[in-house]
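Counting in the working numbering, the sequence shown runs from 3 upward without gaps. Backbone N, C-alpha and C fix where the C-beta goes; we use that ideal spot for every residue, glycine too. Model, not experiment: these values are computed from the prediction.
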Amino acid sequence: MNAVPHMEIRDLTMAFGEFVVQRDLNFVINKGDIFVIMGGSGCGKTTVMRAMIGLQAPAKGAVLYDGEDFWSLGMERQEQLKRRLGVMFQGGALWSSMTLAENIALPLKEYTALSPQRIAGIVSFKLALVGLSGFENYYPSELSGGMKKRAGLARAMTLDPDILVIDEPSSGLDPLTVRHLDDLILELRDSLNTTIVVITHELASILDIGTNSVFLDVETRTMINTGNPREAVVSGDPKVRHFLTRGVV
3 MNAVPHMEIR DLTMAFGEFV VQRDLNFVIN KGDIFVIMGG SGCGKTTVMR AMIGLQAPAK
63 GAVLYDGEDF WSLGMERQEQ LKRRLGVMFQ GGALWSSMTL AENIALPLKE YTALSPQRIA
123 GIVSFKLALV GLSGFENYYP SELSGGMKKR AGLARAMTLD PDILVIDEPS SGLDPLTVRH
183 LDDLILELRD SLNTTIVVIT HELASILDIG TNSVFLDVET RTMINTGNPR EAVVSGDPKV
243 RHFLTRGVV
């Protein structure tokens with residue numbers, strides 16, 4: 003079966019004034035992918051992500067959702083497209099003054115007219131999906147780092163997004179917790195039929211869950227096509243192989 007493009011990055015350049023972060027990026031994220039945007043610290047992964055989720059306009063180029071160029075659309079249509087995205091930011095970005103239930107209910111209250119009872123049911127379901135059933139009344143400060151990440155995932159999935167974007171999911175976590183989180187990402191992709199984009203530099207996660215990928219090079223400030231990371235370890239660009247093996251090839 004032919005792959006179906008879900009998001010396309012076309013001739014994208016990201017810059018702050020005269021300083022170019024990444025230039026001439028071209029890649030396609032297909033439906034059902036776990037697509038990894040990888041590269042060393044400072045290469046611009048999160049900046050590129052900001053263009054993909056509608057937070058920062060590119061200096062040049064296009065971000066297409068199912069063929070629609072996001073940055074050429076009017077604000078109303080942009081907002082409609084953004085609701086198809088779920089985003090888990092690096093630290094979870096939970097509101098510290100709200101319980102988990104209140105954090106996850108926030109998008110539902112903002113964008114739907116559902117009753118409080120219906121919202122409570124959805125909140126409990128989303129928390130159960132990430133293994134946090136019964137934690138509705140806990141505050142973020144009462145959770146471990148891994149639990150905060152899972153709670154952030156639950157909130158990102160609140161509106162049943164077509165595309166789930168996850169920024170540095172394993173940052174600051176121990177290896178066992180990272181593995182559990184990777185397993186959860188795989189389960190969510192398979193059970194919810196969601197396309198997932200992961201921004202990371204963590205080798206284990208890249209090789210364990212990635213089905214397709216692109217490498218952002220900090221030296222040339224552009225991309226290196228890689229495809230499936232496990233194949234790139236053997237036959238990919240030498241710079242990508244070096245990154246994926248941390249120099250041991």
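Task: P163 - DSSP class collapsed to helix/strand/coil - done: Reduced to three states, the DSSP call for P163 is coil.
TODO: Could you check what DSSP says for E189 in three-state terms: helix, strand or coil?
DONE: Of the three classes helix, strand and coil, the one that applies to E189 here is helix, per DSSP.
Open item on the list: Classify G19: buried if its beta carbon has 16 or more other beta carbons within 10 angstroms, exposed otherwise.
Closed with: Burial check for G19: the Cβ neighbour count within 10 Å stays below 16, so the residue is exposed.
Task: Integer-rounded CB distance, given that V220 should sit under 8 Å from L41 - done: Before going on, a small fix: residue 41 reads as Gly here, not Leu. Yes, G41 and V220 are in contact; Cβ-Cβ is about 6 Å, under 8 Å.
TODO: Label G212 either buried or exposed according to how many other C-beta atoms from any shown protein chain fall within 10 Å of its C-beta, with 16 as the threshold for buried.
DONE: With 16 or more neighbouring CB atoms inside 10 Å of its own CB, G212 falls in the buried class.
Open item on the list: Counting C-beta neighbours from all protein chains within 10 Å, is the total for D185 16 or more, i.e. buried, or is it exposed?
Closed with: The residue in question, D185, is exposed, as its Cβ has fewer than 16 Cβ neighbours within 10 Å.
Open item on the list: I'd like the span of the beta strand (DSSP E) that includes Y67, first residue to last.
Closed with: K62 to Y67 is the extent of the beta strand (DSSP E) around Y67.
Task: Three-state secondary structure (DSSP) of M3 - done: In this predicted model, M3 has a pLDDT of only 45, less than 50, meaning its place in the structure is not dependable enough to derive any value.
Task: Cut-off 6 Å between Cβ atoms - residues of its own chain near I121, not counting five sequence neighbours on either side - done: The residues are A107 and L110.
Task: Through-space distance from T114 to W97, alpha-carbon basis - done: Roughly 20 Å between the two C-alpha positions.
Task: DSSP-derived helix/strand/coil call for H8 - done: When secondary structure is reduced to three states using DSSP, H8 falls in the strand class.
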